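**Student:** So for the sequence shown, our numbering puts the first residue at 4; every next one is plus one.
No residue lacks a Cβ here, since even glycine has one placed at the ideal position from N, Cα and C.
Note that the coordinates shown come from a computational prediction; the quantities given were computed from them, not determined experimentally.
This is the structure I want to talk about, given as structure tokens.
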Amino acid sequence: MNIRFDNKVVVITGAAGGLGRAMVENFAACGAVVAACDLRDTKEKLTDLMDKGNIHCYDCDVSNVQSVSAAMDKIATELGPIDVLVNNAGINVGPDQRKTIENFDDQWWHNIQNVDTDGVYYCSKHAIRNMGENGGVILNISSVVGLVPLRNQCSFAAAKAAVCNLTKAMAIELAGKNIRVNAIAPGTIGIAVTNELWKNDDAMKTLLAHIPQGRQGTPQDIANAVLFFCSDYASYITGAVLPVDGGWTAGGYARNF
Ligand SMILES: NC(=O)c1ccc[n+]([C@@H]2O[C@H](COP(=O)([O-])OP(=O)(O)OC[C@H]3O[C@@H](n4cnc5c(N)ncnc54)[C@H](O)[C@@H]3O)[C@@H](O)[C@H]2O)c1
């Protein structure tokens, strides 16, 4: 299998984050014209990747429809019609804000819905109208928490479940336009934030006991699955949600989380 994206315009949101950076590198290595989007200072944050391929940086707040609409138009004008959109930008509450629903902070509820759910809606809507006649691919990053909810992060659980069903709704609406829409649900992936979250060794041991493969995933594990789903090798796959989680969801409910 030789996955290539030569001259394909690939838009990645949340591109400066842990998973986003791995996606930028992967697509660039496969010949894509990468539009790397993040909330602010995107170019500064990705300076070290600039010699890895054909990478262009854009600031775009996915929770703001004007920002999204302007960015998607700019990308299509500067780089050409959009072939692939990866809706990767996302936020969750940090350890200090993880609370049961009756104590959950309302502002955090809305912040997460605005980025994780509205962002997928806005970016998809405005990318689609900037795709060419041959269609394209949309890949949404959900979470295992959107499939099997954990305690104390109700907004994230709701938002990521919405992303899974929105993926299916878009897939059936857009199949006739030759636009495939899929989602990946990562388990726990080793990036700065999750490493900080699990630096308490006991918590980490308990978490890893729920994961049949017994380890966190790497950003590359997710970026590789993204690459496949967005490639022509996945041409008959649409409306699918793929857990990439070391077997976490195969075992069901993570009792202590
Ligand atoms: N790391 C994990 O364990 C894990 C597990 C499941 C799902 N995910 C999902 O993977 C995706 C990537 O997360 P990550 O782990 O790389 O986290 P991260 O925090 O490293 O990256 C997220 C990126 O999104 C950007 N972002 C935040 N708000 C934004 C906005 N309003 N507009 C544009 N960009 C914005 C941030 O600046 C950041 O660069 C997210 O959707 C996350 O929910 C991650």
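Measuring only the C-alpha atoms, how far is VAL184 from GLN110?
**Tutor:** When rounded, the distance between both Cα atoms is 30 angstroms.
**Student:** Could you tell me the alpha carbon to alpha carbon distance between THR209 and PRO189, rounded to whole angstroms?
**Tutor:** 18 angstroms
**Student:** Does at least one heavy atom of ligand 1 sit under 7 angstroms from the Cβ of CYS63?
**Tutor:** yes
**Student:** Do you know whose CA, among LYS180, ASN198 and LEU169, lies nearest VAL244's CA?
**Tutor:** LEU169
**Student:** What's the gap between the Cα of TRP112 and the Cα of GLY97?
**Tutor:** When rounded, the distance between both Cα atoms is 13 angstroms.
**Student:** Would you mind sorting ASP108 into buried or exposed? The rule is 16 or more other CB atoms within 10 Å of its CB.
**Tutor:** exposed
**Student:** Using a 10 Å radius around the Cβ and a threshold of 16 neighbouring Cβ atoms, would you call PRO246 buried or exposed?
**Tutor:** buried
**Student:** Under the three-state reduction of DSSP, which class applies to LEU177: helix, strand or coil?
**Tutor:** helix
**Student:** Please name the residue in GLN156, SER72 and MET207 whose C-alpha comes closest to that of ILE104.
**Tutor:** GLN156
**Student:** Tell me, please, whether the region 199-216 touches the region 15-24 by the rule of three or more beta-carbon pairs shorter than 8 angstroms.
**Tutor:** no
**Student:** Determine the direct distance from the alpha carbon of ASP9 to that of TRP251, and round the result to whole angstroms.
**Tutor:** 35 angstroms
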